[in-house]
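Residues -22 to -1, 1 to 251 in mature numbering (1 follows the signal peptide of the UniProt record, and there is no 0) are what the sequence shown spells out, letter by letter. Even for Gly, the Cβ is constructed at its ideal location relative to N, Cα and C. Only a predicted model underlies this, so the values are computations on that prediction, with no experimental measurement involved. First up is the structure itself, then whatever we jot down about it.
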Amino acid sequence: MVSGDVVYYLLLVLVVVQGCKGSSAVQGEGRWYNESEAIGGAAAWGNAKATWYGQPNGAGAADNGGACGFKKVNQYPFMGMTSCGNQPLYKGGKGCGSCYRVRCNRNPACSGNAQTVAITDMNYFPLSQYHFDLSGIAFGRLAKPGRADDLRRAGIIDVQFARVPCEFPGLKVGFHVEEGSSPVYLAVLVEYENGDGDVAQVDLKEAGAGGGRWTPMRESWGSVWRLDSNHRLRAPFSIRIRSDSGKTLVAPDVIPLNWTPNTFYRSFVQYSS
């Protein structure tokens, strides 16, 4: 018979060493979190566990990316303030880009000051109902001045969290046409949405589409949406996105006539803060 302490220690080793990779179905106790309350106004704080992965002062994933498809999360606007989320946070990819305030106060090294992080990766090792596997940078920011390493040595800490609107000053919604896209297949990474920060649905309109007809795209993985067509797609393409709260935004002709794969296209539209 293996004791509960041994099992918990083994899980700790798996989480800290392997980070967001792997699989598990461990669930813990915690108050059910009402996300609609959190988005609606005053922060509604829930309880969660937090760990960290990657380098102590890194952005988490070794390639500065993650299971959402975002690239260079060590740079603006994320600046390494990122986290893996387990399924209630990652939501099968539909939680990608959503923002949360996270704070801790039970560990002596905790500052109690809340920090904002964005969901950019998937956490496959949940230690509780809600589990943030933070980047080393983000985890350290929860600490008192000069105590970041002390807090990281704790490995697992109790935190409180609240969903908050995302803010990406100076940026418009962007669309990265993914490698492998072709005249009959289009995969697009959607990023930098103010407000909800995440995407619930994406639709595409081809050039000359009769009656302004929109074709639904389907979620491929993370924040990447795809369209498999039975004909050669006619550019330029307009993109319509719908956020988690139902707000829609249209980027007219955002992907040009001469588009190429592995290219980022910035729109001229953004959700109002």
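What do you get for residue i, buried or exposed, if any count of 16 or more other CB atoms within 10 angstroms of its CB means buried?
i: G38; result: buried
i: P123; result: exposed
i: A71; result: At residue 71 the sequence reads Gly, which differs from the Ala that was named. Flag for G71 reads buried.
i: D174; result: buried
i: Y11; result: Because Y11 sits at a pLDDT of 43, beneath the cut-off of 50, its placement in the model cannot be relied upon, and the point is left open.
i: T238; result: exposed
i: E156; result: buried
i: S250; result: exposed
i: D206; result: exposed
i: residue 253; result: Absent from the structure is residue 253, since the part of the chain shown begins at -22 and ends at 251.
i: S160; result: exposed
i: Q33; result: exposed
i: residue 275; result: Within the shown structure, residues of the chain are numbered from -22 to 251, placing residue 275 beyond reach of any answer.
i: D111; result: buried
i: P234; result: exposed
i: residue 266; result: Residue 266 cannot be examined here, being either before or after the span of the chain that is shown, -22 to 251.
i: N240; result: exposed
i: K50; result: exposed
i: H209; result: exposed
Start and end of the alpha helix (DSSP H) containing residue i?
i: Y67; result: Per the sequence shown, the amino acid found at residue 67 is Leu instead of Tyr. Counting along the chain, the alpha helix (DSSP H) containing L67 begins and ends at Q65 to Y68.
i: R130; result: A126 to A132
Which residue or residues does DSSP assign as beta-bridge partners of residue i?
i: L235; result: Bridge partners of L235: none, in fact.
i: P194; result: D181
i: F215; result: I233
i: R220; result: Q179 and T226
i: A121; result: C88
i: S160; result: Y163
i: G173; result: C144
Following the continuous beta strand (DSSP E) through residue i, name the residue where it begins and the one where it ends.
i: G24; result: G24 to Y31
i: R137; result: Note that residue 137 is Val in the sequence shown, not Arg. Start and end: I135 to V142.
i: Y243; result: T241 to R244
i: L205; result: V202 to D206
i: H154; result: G152 to V155
i: A187; result: That residue, A187, is in no beta strand (DSSP E); it is neither H nor E in DSSP.
i: A165; result: Y163 to E169
Quick one: is residue i near chain B, going by C-beta distance under 7 Å?
i: E169; result: In the displayed structure, chain B is absent; only one protein chain is listed.
Got a sec: does the ligand NAD put a non-hydrogen atom nearer than 6 Å to the Cβ of residue i?
i: A26; result: This structure lacks the ligand NAD; in fact it carries no ligand of any kind.
Query raised in the report: Is it a yes or a no for the segment 173 to 189 touching the segment 56 to 66, going by three-plus beta-carbon pairs under 8 Å?
Result: no
Query raised in the report: For the segment 28 to 114, which segments carrying the alpha helix (DSSP H) assignment without a break, of at least 4 residues, lie completely within its bounds, in sequence order?
Result: 65 to 68
Query raised in the report: For the 8 Å Cβ check, are there 3 or more pairs between the segment 134 to 144 and the segment 71 to 88?
Result: yes
Query raised in the report: Does the segment 155 to 170 come within contact of the segment 91 to 106, defined as at least 3 CB pairs closer than 8 Å?
Result: no
Query raised in the report: Can you find at least 3 beta carbon pairs, one from the segment 226 to 235 and one from the segment 137 to 155, that sit closer than 8 Å?
Result: yes
Query raised in the report: Is it true that the segment 189 to 196 meets the segment 244 to 251, where meeting means three or more beta-carbon pairs spaced less than 8 Å apart?
Result: no
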